[in-house]
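A.B. asks:
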Amino acid sequence: MRRRFTDLDRVWPAGLGRRLGAMLYDSFLVMAIWVLLAFIAVALNQGEANESPLFHSLLFVTTFAFFAFCWMRAGMTLGMQAWRLRVQTPDGASITLVQSLIRFLVACLSLALLGLGYWWVLFDGQRRSWPDIASGTEVVVLPKPEKRSI
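In full-length UniProt numbering, the protein residues as written are 1 to 150.
1. Check whether the Cβ of G15 lies closer than 9 Å to any Cβ atom in chain C.
2. Less than 9 Å between the C-beta atoms of A14 and V121, yes or no?
3. Since F64 and F104 should fall inside the 8 Å C-beta cutoff, what is the C-beta to C-beta distance between them, to a whole number of angstroms?
4. Between the C-alpha atoms of I133 and E48, what's the straight-line distance to the nearest angstrom?
5. Between residue 156 and R10, is the Cβ-Cβ spacing less than 9 Å?
6. With DSSP as the reference, please indicate the residues paired to V61 in a beta bridge.
7. From L114, F60 and L85, pick the residue whose C-alpha is nearest to that of W12; which is it?
8. Check each candidate in S100, G117, S57 and F60 and name the one with the smallest Cα separation from Q88.
9. Taking Cβ positions, are T77 and Y118 nearer each other than 9 Å?
10. To the nearest whole angstrom, what separates the beta carbons of residue 215 and G75, a pair I think is in contact under 8 Å?
11. To the nearest angstrom, how far is the alpha carbon of V140 from that of G115?
12. Considering just the uninterrupted stretch of the beta strand (DSSP E) at R128, what are its terminal residues?
13. Would you kindly work out how many angstroms separate the C-alpha atoms of T6 and L142, rounded to a whole number?
14. In terms of alpha-carbon separation, which member of A112, W83, E138 and L113 lies closest to D124?
15. Which class does P13 belong to by DSSP, given the choice of helix, strand or coil?
16. So the alpha helix (DSSP H) R103 belongs to, where does it begin and stop?
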């Protein structure tokens, strides 16, 4: 069941700086996941490094699973949460598994091309990156939470 977000009139398109900040935070999380998987792989491989294509495929699939789970569940990863970003459809719903897969694969391509797909945000009138355009999604900035008086 897709979630519908409610604060649509209070969000705006995310710029490059916030996106890069969230990507940096998320890269630390992804590296931690990879270290854990590598530790398990070495333990299962009698103390030897595992450089097999199967292991690299496991890292790739696990990375996708991390992002897809976060994007589909709440519209944000932990890094995106720290930078008050959310990925959603243009009509304000959570994204689907297919959109997550397209977004992830195009993001990999964008990064492989020295981030060109993310630099695109600077030229697109709606501040969309290649992953946004290809998957039919958008990344928005959430308003600061209102302070509650005690």
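Backbone N, C-alpha and C define an ideal beta-carbon position, used for all residues, glycine too.
Predicted model, so just to flag it, every value in this text is computed and none were measured.
C.D. replies: According to the structure shown:
1. The question asks about chain C, but that chain is absent: this structure has only one protein chain.
2. yes
3. 5 Å
4. 42 Å
5. Because the chain spans 1 through 150 in this model, residue 156 falls outside it and cannot be assessed.
6. According to DSSP, which records beta bridges pairwise, V61 is partnered with nothing at all.
7. L85
8. S100
9. no
10. No information on residue 215 is available, as it lies outside the stretch 1 to 150 that the chain covers here.
11. 19 Å
12. Looking at the DSSP string, R128 is not in any beta strand (DSSP E), and its letter there is neither H nor E.
13. 11 Å
14. E138
15. strand
16. L97 to A112
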